Structures are given as C-alpha cells and as structure tokens.
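See below for the structure under consideration.
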Amino acid sequence: MLANYLQRQAMSKNWLEEVKQFTDNYLRPLSADIEENGSVPENIIQGLATMGMLAVTFPREYGGLELDPLTYGYITEEIGKACCATRSLLTVHSSLVGESIVRYGTVSQKSYWLPLMANGTVIAAFALSEPGVGSDAAGIQTTYRKRSGGYLISGRKKWITFGTRADLFLVMATGSEGITAFLVEKNSPGLNVTPMKGMMAGRAAAMAELEFTEVAVADQQVLGKTGNGFRYIVNTALDHGRYSVAWGGLAIAQEALEAMVSYARKRKQFGKALYEYQLIQGLIGDAVAQVHAARSLCIHAGTCRKENHPDMTGATQIAKYFASVTAVKVAADAVQVHGANGCNSIYPVERLFREAKVLEIIEGSSQIQQVQLSELALSRYYRNGYYVNE
Amino acid sequence: MEVRENIRAFIGQHLIVFNDDVSFTDEDNIFELGFVNSLFAMKLLNYVEHTFDIVLENEDIDINNFSSVNNIERLIAGKLSSTAGNE
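Residue numbers (the working numbering), protein chains in the order written: chain A, 46 to 435; chain B, 444 to 530.
What follows is the structure, given as structure tokens:
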C-alpha cells in the first residue's frame, strides 16, 4: 500500500487534514444525534461551506476549490466515515447537481448558481426517481409542456435525497422534445415538498417526495439542450454520483473495519479477546483485503477521472459496484463481531450496516452495474479464435 | 491514427452486440442500430472532447452530431477549423 500512501501524500494534504480535524472534532461525535434528530445541523452544512467542501471540484471562478477528483474522493471518504448523511449531501449537491451545472450550464447559470452552492446559500438536490421509476430512468412520467417563454412541469418525484432541505432541484421531465433537465427553485408555485418517513437508512438525509402541479419555469431554467436530459445530463450526473458513492462505500467499509478490530481487541468471551479466535480472524482478514481492494479501485477511478481517461466511466462503475458490495459485507461482519451490541445504536456499526445497503441501490443498482460491466468485459476481453469449433 | 479510424476504434470498443459478423459503416446510425448502451453518448462526448482537444458547447451536443462515424468526423473537423480560424 506504499503507492497509495505516496499518492495520498502527494495530494493537497492540508485540505484533507482540515477535513479530518472537522470530522474528528465536530462531525463524528454528532453522527448518532444527527440520525436521531433526522437532519444534518445547519452549522455543519455551513462549516462544510466555509471550508469549501460543498464545491471541492467547482472552478475557482465560480467559488470552488478546483481540486482534482482524487482529492474530492479522499475528502468524501473522510466525511463519509464520520457521517453517511453528510456525505450524501456532498454526493447530491456537489456531484449530481453541481457537476452537471459545471458541465452543461450556460455562463449565466454557472455564474448565478455555482457561487451560491459553493458558499452554502443554496443547497441543491437531484430529482430523477419517481414512484414508478427507479432503474428505468428513461421511463420517467413527470412531464413538461411548452408554453410561451418557458414550460409547465407536472408529475411526482420520490426518494429525493436532501429534498426537504434543498433550495434548488435539478428536475428531469419528459415532453415533446424528449427528456429535458430543468433547474427549479424550491419556492416555485405548484411545487409541493413532503418529507419521507420510515427510511431504513438516510434518516438524516432529508428524503422527500416532490409533487409538481403545472410548475412554471422559464426557458433560461433548462439545463443543457432540450432533449438531452437523459442521454447526457442524467448520465453525466450519475457518473459523478457513482464516483462519490464509491468513496462513500469505501468510507463505510473502512469505518466498519476500524470498529470491528477495535471491538475484537477489547471484548472478551470464554476468557479470551475475540481477536484471538481464528473464526474472528477470518472475518477481519477478509474485511481488510476487501477494504484495500475497494480503495485501490477508488483510487484507480479517481486517477482515470483526473486524466480524463476514456476508461473513467467504466472504472467508476467497477469502483462503485465493488465498494458498495464491500461496504455491505464488511459492515455486516462488523455487526457479527459485535454480536448483540452490534444490533444497538450504542455502537455505530448498527448504523453503518443500514447505510451500506442503500449504496448497492442508488446511482445504479448492483444489478445494473453487473449488466453494464459484463458488456464492457464481453467487448474488451474477447479473444477471437479462442473457441474451438468441433 | 486518422480521425476516422480513431472514432471507429472507440465505437468498436464499446459495442454491446457480440456477434463476430456484426459490422457498421461510416454512415450507420449506431444508436438506432442498438449497438451501444445508454452510457455511450456521454462516453463519446467525453472522448471526442479530450482526444481531439476541443470544447463542445450545448448547441453541438446533439445526438445527430454523434450518430455515425461520418457525423462525428464532420463535427470534429468543424470545431478544429473554427478553432484554427480563431487563432
């Protein structure tokens, strides 16, 4: 892991140190309360904004830090280790919405929204999923209708992370010109935001349902070209989102590993510490190998993205798929090592276990990743002439 | 590598049809033929920008400009010539 160490040293170290101090001193101690209270405190959001963490990769001219994707990844991991809900704010606000505006926004859209998003005045959320539409994102039912100078949007969105907190939504709707992306403000007449209850995870992630009843938007609120909403904007947003979630998965796995070994060294049963039992060592050994593998995949994806390598989307899918599966496995094993204590919120592994599962579902489920990764492999690793035709 | 061959190679690496006999001409609409998956349009956009060092504006990001080898080549040539004209 020397290469990883050196790479980490080479990055802008101060940013990571600053984030680590913030998470150790403020965020991690609050993480249980954040979930209990069902929201990320405003002073945490403003603290992140003050440090530039809401706009890590945004261009400097728009108030961002303009740091590279790897640095964003390390920061996301650090925050995600401490509090998954806070990490999910970075994912939706900076990656899904922010990066989409950076890529497809007009100069006036970028000049207006990005500085406000960077300083935390505006929190943004991504509105794609619907009651009847998850993986089949191209099948959305929310519609837009053209009218003089703009559009009217009608329909429902569901599972919108930070939906009750957001000031701005990036909304996908379908209509005569194809799926189109719109920047819609929270206070738009006809937009009703309802908090969602009963979540297994993301309890502090301000989950919401949105109902649009002929919400009027101007032509200037279209992001990108009309008709490019799915093919370009959704795919770009989710590509960035997957990268963020990959590091979020690594974060949970790393945190769970640290909890697992810390508990195993102290907890005694039958007169011996848990770590002295080979069956526990098996769980720890598997966990550390999987965490290191997930880290390598995240770093590889980040390196590809930093270089704009043509493989960056595939590398990101691999990292997201593996890191989310690893998060579920390591968090589950961490609960197992904790026994009954792992089933109670007195230890964080209970929360990590619940939060991990969601990562296998969002930004393209594991099954969607498997299908697309198999397509990648069938093309890339095919050897013509290998098959013996008897 | 020629621009055209470069584009063909990139598309060839991303086909999701796995019959050895499958081929496409420079005029074929690779999206309508179902030869690529839903991520490909975005991948192709990134590839064109970074491989040929051009910036594509929202007006350029039209699926028709990316639907065939010929159209992609035409888009790149147009952007490169306008860039050269501005220098």
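Note that the Cβ used here is the ideal one computed from N, Cα and C, for glycine as well. A quick note: this is a predicted structure, and the numbers were derived from the prediction, not measured.
Identity of the residues DSSP links to residue i by a beta bridge
i	result
A:I198	A:Y189, A:V260
A:V42	Residue 42 of chain A falls outside the range modelled here, since chain A spans only 46 to 435, and no answer is possible.
A:K313	A:A318
A:A253	A:I205, A:P240
B:V491	Looking at the DSSP assignment, B:V491 forms no beta bridge with any residue, so it has no partner.
A:V394	A:V394 pairs with nothing; no bridge assigned.
A:V147	A:V147 is not bridged to any residue.
A:E175	A:V178
Where the beta strand (DSSP E) through residue i begins and ends
i	result
A:V238	236–240
A:M245	Looking at the DSSP string, A:M245 is not in any beta strand (DSSP E), and its letter there is neither H nor E.
A:M217	213–218
A:F171	169–172
Short Cβ contact (8 Å threshold) for residue i with residue j
i	j	result
A:R148	A:T281	yes
A:G150	A:L268	yes
A:A169	A:G143	yes
A:L255	A:G208	yes
A:T188	A:A218	yes
A:M241	A:A253	yes
A:T361	A:Y288	yes
A:V375	A:S411	no
A:S249	A:E80	Sequence check: residue 249 of chain A is Ala here, not Ser. For A:A249 and A:E80, yes; Cβs fall inside 8 Å.
A:K203	A:P234	no
A:A163	A:A100	yes
A:K126	A:T68	yes
A:S145	A:K191	no
A:E123	A:L61	yes
A:D356	A:M305	no
A:Y277	B:L523	no
A:H383	A:V373	no
B:T526	B:I497	yes
A:G247	A:V403	yes
B:E492	B:L499	yes
A:R132	A:G286	no
B:I459	A:E420	yes
A:L134	A:I185	no
Counted within 10 angstroms of its Cβ, other Cβ atoms place residue i as buried (16 or more) or exposed
i	result
A:N237	exposed
A:Q66	exposed
B:F392	The structure shown does not extend to residue 392 of chain B, since chain B is modelled only from 444 to 530, so the question has no answer here.
B:G455	exposed
B:N514	buried
A:K365	buried
A:V380	buried
A:R428	exposed
A:A180	Before going further, note that residue 180 of chain A is Ser rather than Ala in the sequence given. Counting Cβ neighbours within 10 Å, A:S180 comes out exposed, since fewer than 16 surround it.
A:Q314	exposed
A:K270	buried
A:E300	buried
A:R201	buried
A:C388	exposed
A:L423	exposed
A:S156	exposed
B:S511	buried
B:N507	exposed
A:I391	exposed
B:K486	buried
A:D284	buried
A:V152	exposed
A:G359	buried
A:V229	buried
CB contact below 8 Å: residue i versus chain E
i	result
B:D463	No chain E is present in this structure, whose protein chains are A and B.
Span of the alpha helix (DSSP H) around residue i
i	result
A:A422	411–425
A:E80	73–82
B:F453	446–456
A:H383	357–383
A:A100	Careful: A:A100 lies outside any alpha helix (DSSP H) and carries neither H nor E.
B:F509	506–509
B:D463	Where B:D463 is concerned, there is no enclosing alpha helix (DSSP H), given that its DSSP letter is neither H nor E.
A:I344	323–351
A:C129	129–134
A:Y157	152–163
Contact test: residue i Cβ vs the ligand MN heavy atom, cutoff 7 Å
i	result
A:A182	Summarising the ligand content, the structure contains no ligands, and the ligand MN is consequently not present.
Report the residues of the stretch 272–301 of chain A with a CB closer than 7 Å to any CB of chain B, ordered along the chain.
Residues passing the 7 Å Cβ filter: N273, R276, Y277, N280, T281, D284.
Which residues, in order along the stretch 493–509 of chain B, keep a beta-carbon less than 8 Å from a beta-carbon of chain A?
Correct list: H493, T494, N501, E502, I504, D505, I506.
Between the stretch 475–486 of chain B and chain A, which residues of the former have CB atoms less than 8 Å from a CB of the latter, in chain order?
N480, S481, L482, A484, M485, K486
Of the residues that make up the stretch 406–427 of chain A, which ones have a beta carbon closer than 9 Å to any beta carbon in chain B?
V416, Q417, E420, L421, L423, S424, R425, Y427
Along the stretch 143–161 of chain A, what residues have a CB closer than 7 Å to any CB found in chain B?
Y149
Members of the stretch 345–369 of chain A near chain B, C-beta cut-off 8 Å
N353, P355, M357, T358
Give the residues from the stretch 249–273 of chain A that approach chain B closer than 7 Å (Cβ to any Cβ), ordered along the chain.
G269, K270, N273
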